[in-house]
Amino acid sequence: MCGTGNRIALGHDPATAKCGQCSAQLFAGTPIEVDDGAFERHLKLTKGAVLVDIWAPWCGPCRAMAPHFAQTALRFSGKVVFLKMNADQCATPAKLGVRGIPALLLFVDGRPAGQQAGLMTADMLQRWLTSSLTSRSQS
Numbered sequence: 018m019c020g021t022g023n024r025i026a027l028g029h030d031p032a033t034a035k036c037g038q039c040s041a042q043l044f045a046g047t048p049i050e051v052d053d054g055a056f057e058r059h060l061k062l063t064k065g066a067v068l069v070d071i072w073a074p075w076c077g078p079c080r081a082m083a084p085h086f087a088q089t090a091l092r093f094s095g096k097v098v099f100l101k102m103n104a105d106q107c108a109t110p111a112k113l114g115v116r117g118i119p120a121l122l123l124f125v126d127g128r129p130a131g132q133q134a135g136l137m138t139a140d141m142l143q144r145w146l147t148s149s150l151t152s153r154s155q156s
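Per this note's numbering, the very first residue in the sequence shown carries number 18; after that it's consecutive.
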């Protein structure tokens, strides 16, 4: 994906949405690697949920969680935007107060909606995400 910000019209099926610049599918069911700028664009332009995995290549638990995060991204494709941010290359994690990795940050409509630290399996991640989104919609 080229990193261009895109908007999806209300009522349009997100599963079929494509980038207006490069025509890549916006919700391909795989996490998107982002830097600070791309993260800000996603947060600003995404209506709904964005889940960010803060990781580093030297972090064993981060590497162990990667396939679980990818599996969850596939399961929630079209419902949640999944981003991966390398903590060693970006300033955003420190600005957001992330002190340990792996860390998951959930945003809904650009606002913080949840945070989880530590290694999670796909089942744990899916339960946490579903619970966070459900409790958010009920409040």
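Here a beta-carbon is modelled for each residue, glycine too, at the ideal position from N, C-alpha and C.
Just so you know, these numbers come straight off a predicted model, no measurement behind them.
Verify whether the separation of the beta carbon atoms of G65 and D126 is less than 9 Å. yes
I'd like the list of long-range same chain contacts for L136, defined as Cβ closer than 7 Å, with 5 residues on each side in sequence excluded. P78, A81, M82 and P119
Run the CB neighbour count on D163, radius 10 Å, all protein chains shown included, and call it buried at 16 or more, exposed below. In the structure displayed, the chain extends from 18 to 156; residue 163 sits before or after that span and is not available.
Just to confirm, is the Cβ distance from T47 to A73 under 9 Å? no
How many angstroms separate the CA atom of L14 from the CA atom of W75? Here the chain has residues from 18 to 156 only, and residue 14 is not among them.
Helix, strand or coil for A104? Go by DSSP, reduced to three states. coil
Is the beta carbon of F93 closer than 9 Å to that of L60? no
Please work out which residues of its chain come closer than 8 Å, Cβ to Cβ, to A108, disregarding the five sequence neighbours upstream and downstream, and give them in chain order. D53
Determine the extent of the beta strand (DSSP E) in which P129 is found, giving its start and end residues. R128 to A134
Segment limits, alpha helix (DSSP H) that includes L62: D53 to L62
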